[in-house]
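Number of protein chains: 2
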Amino acid sequence: MALVVQKYGGTSVADIGKMENVARRVLKSKEAGNDIIVVLSAMAGETDRLIQLAHKAAEEPDEREYDALISTGEQLTVTLLSLILNRMGFRAKSLLGYQVKIVTDKSYTKARIFRIDTKRIDEELKKGTIVVVAGFQGVDKDGNITTLGRGGSDTSAVALAAAMKADVCEIYTDVDGVYTADPSICRKARRLNRISYDEMLELARAGAKVLQPRSVELAKKYEVPVYVRSSFTDEGGTLVTKEDVEMEKEVVCGVTYDRDQAKITVVRVPDRPGIAAGLFTPLAQHNIMVDMIIQNASLEGYTDLTFTVSRKEIKKAHELVEEVAREIGAARVEVDADVSKISIIGVGMISHSGVAAKMFSSLAKEGVNILMISTSEIKISCVIQAKYTELAVSALHDAFELDKG
Amino acid sequence: MALVVQKYGGTSVADIGKMENVARRVLKSKEAGNDIIVVLSAMAGETDRLIQLAHKAAEEPDEREYDALISTGEQLTVTLLSLILNRMGFRAKSLLGYQVKIVTDKSYTKARIFRIDTKRIDEELKKGTIVVVAGFQGVDKDGNITTLGRGGSDTSAVALAAAMKADVCEIYTDVDGVYTADPSICRKARRLNRISYDEMLELARAGAKVLQPRSVELAKKYEVPVYVRSSFTDEGGTLVTKEDVEMEKEVVCGVTYDRDQAKITVVRVPDRPGIAAGLFTPLAQHNIMVDMIIQNASLEGYTDLTFTVSRKEIKKAHELVEEVAREIGAARVEVDADVSKISIIGVGMISHSGVAAKMFSSLAKEGVNILMISTSEIKISCVIQAKYTELAVSALHDAFELDKG
Numbered sequence: 374m375a376l377v378v379q380k381y382g383g384t385s386v387a388d389i390g391k392m393e394n395v396a397r398r399v400l401k402s403k404e405a406g407n408d409i410i411v412v413l414s415a416m417a418g419e420t421d422r423l424i425q426l427a428h429k430a431a432e433e434p435d436e437r438e439y440d441a442l443i444s445t446g447e448q449l450t451v452t453l454l455s456l457i458l459n460r461m462g463f464r465a466k467s468l469l470g471y472q473v474k475i476v477t478d479k480s481y482t483k484a485r486i487f488r489i490d491t492k493r494i495d496e497e498l499k500k501g502t503i504v505v506v507a508g509f510q511g512v513d514k515d516g517n518i519t520t521l522g523r524g525g526s527d528t529s530a531v532a533l534a535a536a537m538k539a540d541v542c543e544i545y546t547d548v549d550g551v552y553t554a555d556p557s558i559c560r561k562a563r564r565l566n567r568i569s570y571d572e573m574l575e576l577a578r579a580g581a582k583v584l585q586p587r588s589v590e591l592a593k594k595y596e597v598p599v600y601v602r603s604s605f606t607d608e609g610g611t612l613v614t615k616e617d618v619e620m621e622k623e624v625v626c627g628v629t630y631d632r633d634q635a636k637i638t639v640v641r642v643p644d645r646p647g648i649a650a651g652l653f654t655p656l657a658q659h660n661i662m663v664d665m666i667i668q669n670a671s672l673e674g675y676t677d678l679t680f681t682v683s684r685k686e687i688k689k690a691h692e693l694v695e696e697v698a699r700e701i702g703a704a705r706v707e708v709d710a711d712v713s714k715i716s717i718i719g720v721g722m723i724s725h726s727g728v729a730a731k732m733f734s735s736l737a738k739e740g741v742n743i744l745m746i747s748t749s750e751i752k753i754s755c756v757i758q759a760k761y762t763e764l765a766v767s768a769l770h771d772a773f774e775l776d777k778g
Numbered sequence: 374m375a376l377v378v379q380k381y382g383g384t385s386v387a388d389i390g391k392m393e394n395v396a397r398r399v400l401k402s403k404e405a406g407n408d409i410i411v412v413l414s415a416m417a418g419e420t421d422r423l424i425q426l427a428h429k430a431a432e433e434p435d436e437r438e439y440d441a442l443i444s445t446g447e448q449l450t451v452t453l454l455s456l457i458l459n460r461m462g463f464r465a466k467s468l469l470g471y472q473v474k475i476v477t478d479k480s481y482t483k484a485r486i487f488r489i490d491t492k493r494i495d496e497e498l499k500k501g502t503i504v505v506v507a508g509f510q511g512v513d514k515d516g517n518i519t520t521l522g523r524g525g526s527d528t529s530a531v532a533l534a535a536a537m538k539a540d541v542c543e544i545y546t547d548v549d550g551v552y553t554a555d556p557s558i559c560r561k562a563r564r565l566n567r568i569s570y571d572e573m574l575e576l577a578r579a580g581a582k583v584l585q586p587r588s589v590e591l592a593k594k595y596e597v598p599v600y601v602r603s604s605f606t607d608e609g610g611t612l613v614t615k616e617d618v619e620m621e622k623e624v625v626c627g628v629t630y631d632r633d634q635a636k637i638t639v640v641r642v643p644d645r646p647g648i649a650a651g652l653f654t655p656l657a658q659h660n661i662m663v664d665m666i667i668q669n670a671s672l673e674g675y676t677d678l679t680f681t682v683s684r685k686e687i688k689k690a691h692e693l694v695e696e697v698a699r700e701i702g703a704a705r706v707e708v709d710a711d712v713s714k715i716s717i718i719g720v721g722m723i724s725h726s727g728v729a730a731k732m733f734s735s736l737a738k739e740g741v742n743i744l745m746i747s748t749s750e751i752k753i754s755c756v757i758q759a760k761y762t763e764l765a766v767s768a769l770h771d772a773f774e775l776d777k778g
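Going line by line, the protein sequences match chains A and B.
Each position in the first sequence, counted from 1, maps to that position plus 373 in the numbering used here.
Each position in the second sequence, counted from 1, maps to that position plus 373 in the numbering used here.
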């Protein structure tokens, strides 16, 4: 008998019929003798509907109220699934963030989990209850509802699995696993049977939508085995786990892209200490995440600083940067919202030379201009013009022979 | 400076535009220097939508999950109104049942309030916050969400007014006060400026939809002045208050009807002690409220027992009664779901004779057959065939000259 956490996304609980499928899947595992904790997202489209309502009520909604509003989406799905499981003759109980308690900090809309009380869930599991926990939401120490940011239900699931010492955290989604590239734009994409936490983390960070990066960080930290599966088929699946001897150490395990990128260049910045801090502190204060940062070598006491942010934050970021640019005497600020980021990922990279060179030459061969480059131990990312995204993914997939398992 | 509780019903918060009207009304009172606690229902239609979802998920939904599901309706309206008030430049904060805390018993779907913590609201009012409380919902001592039954937001509002020692509890609805009869079926109906708690209570119990009976009971118990007003106009209004010398002691203050009635007769019941208990205990155990009960004089050791229940509970009630009827050897059970209850109410009745006679003769004159009669100190009710409802209301309104103020 194992303790299993199963997380289902919005498309898996989009209506009562789909929830009945989820219920059957839950019961299959339950009847195999497992203890089950189910974590749910809101019905597909519901969170967007609530967000629209919030923005109709106020252009810049107060974040406390916003979180209390949008968290109702998960309250709906967990109560409905519990009703369905009850009707099917099983003991099931919904628990909201404040009922579990999933205690977070006070950063509304992007809260971080401090701790999870295991007592209430333990009590219910002992009674044989299927515990259905609302994903995406938590509660601060004063009882205010918080949410964990887009895709936060993955984080809820992994955090619960870690706190409850679950044997596995199964993430059910609309694809049947993790692929070497997005199958919708790369015909030859191949599903991976296993992938390491580090690779998965870089894939997720680099734009693969299958798991929220924070959930992978958590899984790695607490060594929670995460099994990515389709909620519509029993086939396939990818296990995200510790790197081990069995694992095929591929040089490159996947190619990803992220279209949600915008590039800002501050031109001719006087190169003196504290300039970067002056530029990035206001962005941090406004909770704008900066992704890649590149600073050119200084020339005659001046330098150019280029960085990327999420496309939807470009307006605010531009405003803030213009202000600092004026203060520090930079020549001008240039913005390009028409870019995307292509990345190749693989733990094998560390011990193989020539990977970067191969990436750059493959892109060059297709006529794709590289605008920015950044590298980590197991990842190389290039910012390119958005229109080349699909071409670049396929070219790199071919170059590294990812279709061959 | 006064402390005012304002409660708005579902039609007053049906969409963002209507909520903006509510916000303006709230701010008018706030800017007059009052401290404001707003209590809201769900958007008109939302609770029904959620109830339908619940019944789609399970024919007989588990009540704990049901309450957690339908309570999201009020979570939506309180957060949206807070967003609107914030956007208009005012400090406003939503509080859910568990955040206030509004502690109830564990009777899901019809919970009763044990106590209301005033600390959190007090703190917020001191900061100048407009406190927006979710009506209809509470929390039991174990943190489970409960709801107070249909129209429970009135009860939430009055209970909050009592706990916070508010100066007045304003109930905003889609009519501009309490009338001598339902204006939609009685052309001559007249709005009352004042009405006593007792009369309001009987009116509400006898079917007037304007206030939930429990809220009036609470208002009477804690002497909370309740002001019934329209959320769409500044005109009119009815003050529900203690009976006092100023109050016009009308013999009859209003005529009401209740179409949600069904009649069950148990024919030829052996007349021995414990029979009534045997009949009504199973109904009570299934939370079926019995309204009028009439037992005929015993004849040759047998009697007939007739009583009314809510029309929507007739099926379940019939099943339960059939079972008991067999056990106790009654001849048969007759059911009539096509009846309604007409009542006249007035504190002046106690000291006036002939009120009942006048009621019966007025109905007789119109050819309306009386099926059941029950009387209290300030109310006389008759069950009649449903098709005569409007005729009976108008006839009684005329007979007691209720159009004359």
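We treat Cβ as the ideally placed atom computed from N, Cα and C, and that holds for glycine.
Computed from a predicted model, the values in this text were never measured in an experiment.
Chain B residues whose Cβ lies nearer than 8 Å to that of Glu497 of chain A:
Residue mapping note: residue 497 of chain A aligns to position 124 of the first sequence, counting from 1. What Glu497 of chain A touches in chain B: nothing, since even the nearest Cβ is about 12 Å away.
Examine chain B for any beta-carbon lying closer than 8 Å to the beta-carbon of Arg460 of chain A, and answer yes or no.
Within the first sequence, numbered from 1, the residue matching residue 460 of chain A stands at position 87. At least one chain B Cβ lies under 8 Å of Arg460 of chain A.
If we ignore side chains and look at the alpha-carbon of each, how far apart do Ile751 of chain A and Glu616 of chain A end up?
As a working mapping, residue 751 of chain A is identified with position 378 in the first sequence. As a working mapping, residue 616 of chain A is identified with position 243 in the first sequence. In this model, Ile751 of chain A and Glu616 of chain A are separated by some 13 Å (Cα to Cα).
Same chain, Cβ closer than 6 Å to Ser683 of chain B, five either side skipped, listed in chain order:
As a first step, residue 683 of chain B must be located in the second sequence, where it is residue number 310. These residues qualify, in order along the chain: Asp633.
Does Ser467 of chain B come within less than 8 Å of chain A when only Cβ atoms are used?
Residue mapping note: residue 467 of chain B aligns to position 94 of the second sequence, counting from 1. Using a Cβ-Cβ cut-off of 8 Å, Ser467 of chain B counts as an interface residue toward chain A, since at least one Cβ of chain A sits closer than that to its own.
Interface positions of the region 403 to 427 of chain B facing chain A (Cβ-Cβ less than 7 Å), listed along the chain
Leu426, Ala427
List, in chain order, every chain A residue whose beta-carbon is nearer than 8 Å to that of Ala431 of chain B.
Indexing the second sequence from 1 puts residue 431 of chain B at position 58. Those are Leu456, Ile457, Asn459, Arg460, listed as they occur along chain A.
In terms of DSSP beta bridges, what is Glu707 of chain B paired with?
Within the second sequence, residue 707 of chain B is the residue found at index 334, counting from 1. Answer is B:Thr638, bridged to Glu707 of chain B.
Which of helix, strand or coil DSSP assigns to Asp664 of chain A
Here residue 664 of chain A refers to the residue found at position 291 when the first sequence is read from its first residue. Of the three classes helix, strand and coil, the one that applies to Asp664 of chain A here is strand, per DSSP.
Taking the alpha-carbon positions, what's the Val378 of chain B to Ile410 of chain B distance?
Counting from 1 along the second sequence, the entry for residue 378 of chain B is found at position 5. Counting from 1 along the second sequence, the entry for residue 410 of chain B is found at position 37. So the alpha carbons of these two residues sit roughly 5 Å apart.
Thr452 of chain B at chain A interface by Cβ criterion, 8 Å
Here residue 452 of chain B corresponds to residue number 79 of the second sequence, with the count starting at 1. By this cut-off, Thr452 of chain B is an interface position.
Is the CB of Gln472 of chain B under 8 Å away from at least one CB in chain A?
Along the second sequence, read from residue 1 onward, the residue named residue 472 of chain B stands at position 99. Yes, Gln472 of chain B counts as interfacial toward chain A.
Does any residue of chain B have a CB that is nearer than 8 Å to the CB of Glu695 of chain A?
Your numbering for residue 695 of chain A matches position 322 in the first sequence. No, Glu695 of chain A does not count as interfacial toward chain B.
For the region 375 to 390 of chain B, list every residue whose C-beta sits within 7 Å of some C-beta in chain A, in sequence order.
Ile389
Note down, in chain order, every chain B residue with its Cβ under 7 Å from the Cβ of Pro434 of chain A.
In the first sequence, residue 434 of chain A corresponds to position 61, counting from 1. Here the neighbours are Leu456.
Would you identify the three-state DSSP class for Leu775 of chain A, choosing helix, strand or coil?
Residue numbering aside, residue 775 of chain A sits at position 402 when the first sequence is read from its first letter. Note: Leu775 of chain A maps to coil in three-state DSSP.
Beta carbon of Ala530 of chain B, beta carbon of Val625 of chain B: below 8 Å?
Locating residue 530 of chain B in the second sequence gives position 157, where the first residue counts as 1. Locating residue 625 of chain B in the second sequence gives position 252, where the first residue counts as 1. Contact: no.
Just tell me which of A:Met537, A:Gln668, A:Arg523, A:Lys594 has its CA closest to the CA of Gly418 of chain A.
Stepping through the first sequence from its first residue, residue 418 of chain A is reached at position 45. Checked all of A:Met537, A:Gln668, A:Arg523, A:Lys594; the closest Cα to Gly418 of chain A is A:Arg523.
8 Å Cβ cutoff met for Arg485 of chain A and Val476 of chain A:
Residue mapping note: residue 485 of chain A aligns to position 112 of the first sequence, counting from 1. Residue mapping note: residue 476 of chain A aligns to position 103 of the first sequence, counting from 1. Not in contact: Arg485 of chain A and Val476 of chain A (Cβ atoms no closer than 8 Å).
How big is the Cα-Cα spacing for Gly511 of chain B and Val639 of chain B?
On the second sequence, residue 511 of chain B is found 138 positions in, with the first residue counted as 1. On the second sequence, residue 639 of chain B is found 266 positions in, with the first residue counted as 1. Their backbone Cα atoms lie some 39 Å apart in a straight line.
How about Ile457 of chain A and Ala396 of chain A: are their beta carbons less than 8 Å apart?
Residue mapping note: residue 457 of chain A aligns to position 84 of the first sequence, counting from 1. Residue mapping note: residue 396 of chain A aligns to position 23 of the first sequence, counting from 1. Going by C-beta atoms, Ile457 of chain A is nearer than 8 Å to Ala396 of chain A.
Establish whether the CB of Ala441 of chain A and some CB of chain B are separated by less than 8 Å.
Start at 1 with the first residue of the first sequence, and residue 441 of chain A comes out as number 68. Interface residue, yes.
Nonlocal neighbours in the same chain, by C-beta distance under 7 Å from Gly406 of chain A, ignoring five residues either side:
The count along the first sequence starts at 1 and reaches residue 406 of chain A at position 33. Around Gly406 of chain A: Met374.
If you reduce the DSSP assignment to three classes, tell me which class Met461 of chain B lands in.
Stepping through the second sequence from its first residue, residue 461 of chain B is reached at position 88. If DSSP states are grouped into helix, strand and coil, Met461 of chain B belongs with coil.
Would you be able to state if there are at least three C-beta pairs under 8 Å between the region 525 to 545 of chain B and the region 672 to 688 of chain B?
no
What does DSSP give as the partner residues of Asp388 of chain B in its beta bridges?
Counted from its first residue, the second sequence places residue 388 of chain B at position 15. The partner list for Asp388 of chain B (beta bridge, DSSP) is empty, contrary to what the question assumes.
With C-beta atoms as the reference, is Leu591 of chain B less than 8 Å away from Ala507 of chain B?
Within the second sequence, residue 591 of chain B is the residue found at index 218, counting from 1. Within the second sequence, residue 507 of chain B is the residue found at index 134, counting from 1. No, they are not a contact pair.
If you compare alpha carbons, which of B:Asn517, B:Leu574, B:Asn660 is closest to Lys466 of chain A?
Along the first sequence, one-based indexing puts residue 466 of chain A at 93. Ranking the options by Cα distance to Lys466 of chain A, first place goes to B:Asn517.
In chain order, what residues of the same chain have a beta carbon less than 6 Å from the beta carbon of Thr519 of chain B, not counting five sequence neighbours either side?
Mapped onto the second sequence, residue 519 of chain B falls at position 146. Closer than 6 Å at the Cβ level, and outside the excluded window around Thr519 of chain B, lie Asp440, Thr477, Tyr481, Ala484, Gly511, Asp513.
Grouping DSSP H, G and I as helix and E and B as strand, with all else coil, what is Ala431 of chain A?
By 1-based counting over the first sequence, the position of residue 431 of chain A is 58. Three-state result, Ala431 of chain A: coil.
CB Pro646 of chain B to CB Leu693 of chain B, shorter than 8 Å?
The count along the second sequence starts at 1 and reaches residue 646 of chain B at position 273. The count along the second sequence starts at 1 and reaches residue 693 of chain B at position 320. Contact: no.
Determine the contact status of Gly610 of chain A and Asp527 of chain A, defining contact as a CB-CB distance below 8 Å.
In the first sequence, counting from the first residue as 1, residue 610 of chain A sits at position 237. In the first sequence, counting from the first residue as 1, residue 527 of chain A sits at position 154. Not closer than 8 Å, so no.
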